[in-house]
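Chains as they are written, first to last, in my numbering: chain A, 1 to 573; chain B, 1001 to 1159.
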């Protein structure tokens, strides 16, 4: 460790800054413009560098780590293709508001703009998908830029920040100065909610007869789950969550309504359509949640708390916006709520009736394996005490429906961007951050192939992750839409003839692997994987091929009109 | 409705691109944008003319505020302000039209900045509306080339 005031080169300054930001892991891949950094890294012992096999994997790992721990994930890649390979991962982190700092090498500053070897204008490319980005042109600005980047990535609505570092800047020397504080005059996120708005919100909540919490990932980011639980229980307000909000309220609690929206529960969507007050906290009225906006929650007054003012009135006009941190909002509400409580038993009874009308259930047959069973079984065997990372598609929705998330930071999933290939690397990143609970991937055969190279990273680092492959040899969600809405033209979604033997593939990577094709073998394989901690283990679940995820709101439809089953697609309630 | 928005931004490379690409990424209308350094060399002022319903304009203002490099965003539309735009326009010239062009230039308090045998270049300064009117009225003479600066605007002083 070097003290400020010493003369250091850019690469040494880089590591000094990471130390001061308490970085434990860098997910990276070396290359020409970063040779100086990797030269310095050779003697760095306190920050661990995880070598990935593709830069996209590094970004998803950093995001998985960030979502599991709440700390910013750090990525280090070289210029040109190294940098452009991070684009999908950065866009993913941007859409899901994950704190991440991406360092890219750049060609020497004298060559920038000359179409030099491995040059790409990564600052220009990532401008619309980062919270902010920087090109460091002078080594004397490196430390203060890194300080700003971490500050921006982790405060307000978190997000990815990129720093582009030309090769000559990393080699140049200057006196190392570490700025004690950060001041960015154009960046002042509103954390504290306005007192008047909070009072109005508390009054609306106190007198509502049929209130409903609509909870998003912001509640988890803001660590507001205790406050949420307190209000919900004391006021008897049912809670529905978005995909990213799952875990903010315990899945086994009677007030928990599960997920809302396109593949949400029937009763959650009915509750949204019939409530008289919708309290949105840390959620952004995404189209997958609202369905047709003109018919969304028409009977409800709407309160919307969000730390990002641009989310307010973006998709849905609300009656009471409250800009600020979710935890500040909910804790302030608790202080304002009157002692006398409204009786909401009639409202809860109504919800219970909807729950009984269309429960989430599935059948078990001895000779075939349904995904719902696999996920339910994982949930039961772990008692919901696990970090579950998904990929994107049918298995993701089934996980949201059937896994009982009991605590925050237990689902890590690509919600906004919907990035196939996210699951495995994000699981690896999460496994570096979490060691006290099992870290599990639930992924499909399509998504696993998109970043399967990262099995090497899991095996080499002996990470005890469980890779539960839901293998229907279809791009299942696309196939589902083809069946329902595209005249059953199954173009390029059947992978059976081309998929590899995933057990053999995993074994070739040095990963333990088994397959299961019925409930008994699946149950055993899950128990086996959960007990195995010497490295990763893959279970290839050969599930029923053509199952579909229900209930479902067709895109653009009203969430009160759900498709409930395949056999009678006209069944609308 | 048309809005004129004044934005103070960090005078750094890429700031104009951040603002312009935000407009295109979000599908906002961008009628004109002009930028120049202020008395503080670290800060530039951008004047943006856009149009949209109130809901869209409110998003425009919030999205502008959200950019890290923006320091202050003001919608001048409903506040006392002065907005000016510069028009440079080269017109076809003939003996028969010469007199009329001079006269019209005077009406708009414009200036003749260049005159050749077959062409005349005039400058007009005024509100964007006045510039639009000027272009319409000069059009029959035959416009050879036209450039407008986009509006710049400031608050009116307090009495």
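For glycine and all other residues, C-beta sits at the position ideal for the given N, C-alpha and C.
Nearest residue (CA-CA) to residue i, options the options
| i | options | result |
| --- | --- | --- |
| residue 46 of chain A | A:7, A:59, A:25, A:31 | A:25 |
| residue 358 of chain A | A:366, A:296, A:269, A:338 | A:269 |
| residue 86 of chain A | A:453, A:351, A:491, A:122 | A:122 |
| residue 108 of chain A | A:502, A:287, A:187, A:171 | A:171 |
| residue 456 of chain A | A:505, A:342, A:494 | A:505 |
| residue 555 of chain A | A:75, A:29, A:289, A:148 | A:289 |
| residue 1107 of chain B | B:1088, B:1134, B:1055 | B:1134 |
| residue 1059 of chain B | A:374, A:314, A:377 | A:314 |
| residue 7 of chain A | A:202, A:178, A:405 | A:178 |
| residue 166 of chain A | A:36, A:193, A:237, A:519 | A:36 |
| residue 437 of chain A | A:235, A:410, A:458 | A:410 |
| residue 535 of chain A | A:515, A:516, A:509, A:522 | A:509 |
| residue 297 of chain A | A:439, A:222, A:255, A:213 | A:213 |
| residue 546 of chain A | A:369, A:110, A:345 | A:369 |
| residue 52 of chain A | A:40, A:70, A:28, A:33 | A:28 |
| residue 1130 of chain B | B:1031, B:1087, B:1113 | B:1087 |
| residue 515 of chain A | A:71, A:89, A:550, A:542 | A:542 |
| residue 339 of chain A | A:400, A:202, A:439 | A:202 |
Where the alpha helix (DSSP H) through residue i begins and ends
| i | result |
| --- | --- |
| residue 520 of chain A | 519–531 |
| residue 43 of chain A | Element bounds for residue 43 of chain A: n/a, residue is neither H nor E. |
| residue 1107 of chain B | 1095–1107 |
| residue 380 of chain A | 371–382 |
| residue 460 of chain A | 455–460 |
| residue 1060 of chain B | 1054–1066 |
| residue 19 of chain A | 10–20 |
| residue 151 of chain A | 142–154 |
| residue 506 of chain A | 502–508 |
| residue 125 of chain A | 122–126 |
Residue-chain proximity (residue i, chain A), Cβ-Cβ < 8 Å
| i | result |
| --- | --- |
| residue 1014 of chain B | yes |
| residue 1037 of chain B | no |
| residue 1017 of chain B | yes |
| residue 1045 of chain B | no |
| residue 1055 of chain B | yes |
| residue 1040 of chain B | no |
| residue 1001 of chain B | no |
| residue 1020 of chain B | no |
| residue 1071 of chain B | yes |
| residue 1058 of chain B | yes |
| residue 1007 of chain B | no |
| residue 1144 of chain B | no |
| residue 1062 of chain B | yes |
| residue 1153 of chain B | no |
| residue 1085 of chain B | no |
| residue 1148 of chain B | no |
Contact with chain B by residue i, beta-carbon distance below 8 Å
| i | result |
| --- | --- |
| residue 163 of chain A | no |
| residue 309 of chain A | yes |
| residue 184 of chain A | yes |
| residue 572 of chain A | Because the pLDDT at residue 572 of chain A is just 42, under 50, the model does not fix this residue reliably, and the point stays unresolved. |
| residue 568 of chain A | Annotation note: pLDDT 48 at residue 568 of chain A (below 50); position unreliable, coordinate value reported separately. Judged by the 8 Å Cβ criterion, residue 568 of chain A is not in contact with chain B. |
| residue 387 of chain A | no |
| residue 123 of chain A | yes |
| residue 557 of chain A | no |
| residue 128 of chain A | yes |
| residue 132 of chain A | yes |
| residue 71 of chain A | no |
8 Å contact criterion, which residue i and residue j should meet: CB distance rounded
| i | j | result |
| --- | --- | --- |
| residue 79 of chain A | residue 124 of chain A | That pair is no contact at about 13 Å. |
| residue 93 of chain A | residue 63 of chain A | 5 Å |
| residue 152 of chain A | residue 169 of chain A | Their Cβ separation, rounded to whole angstroms, is 20 Å, which puts residue 152 of chain A and residue 169 of chain A out of contact at 8 Å. |
| residue 1035 of chain B | residue 185 of chain A | Between residue 185 of chain A and residue 1035 of chain B the Cβ distance is about 18 Å, and since that is not below 8 Å, they are no contact. |
| residue 467 of chain A | residue 371 of chain A | Between residue 371 of chain A and residue 467 of chain A the Cβ distance is about 15 Å, and since that is not below 8 Å, they are no contact. |
Test: residue i CB closer than 8 Å to a CB of chain D
| i | result |
| --- | --- |
| residue 94 of chain A | The structure shown contains no chain D; its protein chains are A and B. |
Where the beta strand (DSSP E) containing residue i begins and where it ends
| i | result |
| --- | --- |
| residue 1120 of chain B | 1119–1126 |
| residue 1026 of chain B | It is not in any beta strand (DSSP E) - residue 1026 of chain B carries neither H nor E in the DSSP assignment. |
| residue 1090 of chain B | 1081–1092 |
Complete runs of the alpha helix (DSSP H) confined to the segment 54–112 of chain A [at least 4 residues]: 55–69, 81–84, 87–95
Completely contained alpha helix (DSSP H) runs for the segment 273–331 of chain A, where each covers 4 or more residues: 287–290
Length at least 3, wholly inside the segment 402–447 of chain A: the beta strand (DSSP E) runs in chain order: 439–444
Completely contained alpha helix (DSSP H) runs for the segment 157–226 of chain A, where each covers 4 or more residues: 167–171, 195–207, 217–221
Segments assigned beta strand (DSSP E), at least 3 residues, entirely inside the segment 227–264 of chain A: 239–241, 256–259
3 or more residues per run - each beta strand (DSSP E) lying fully within the segment 329–371 of chain A: none
4 or more residues per run - each alpha helix (DSSP H) lying fully within the segment 1128–1155 of chain B: 1128–1138
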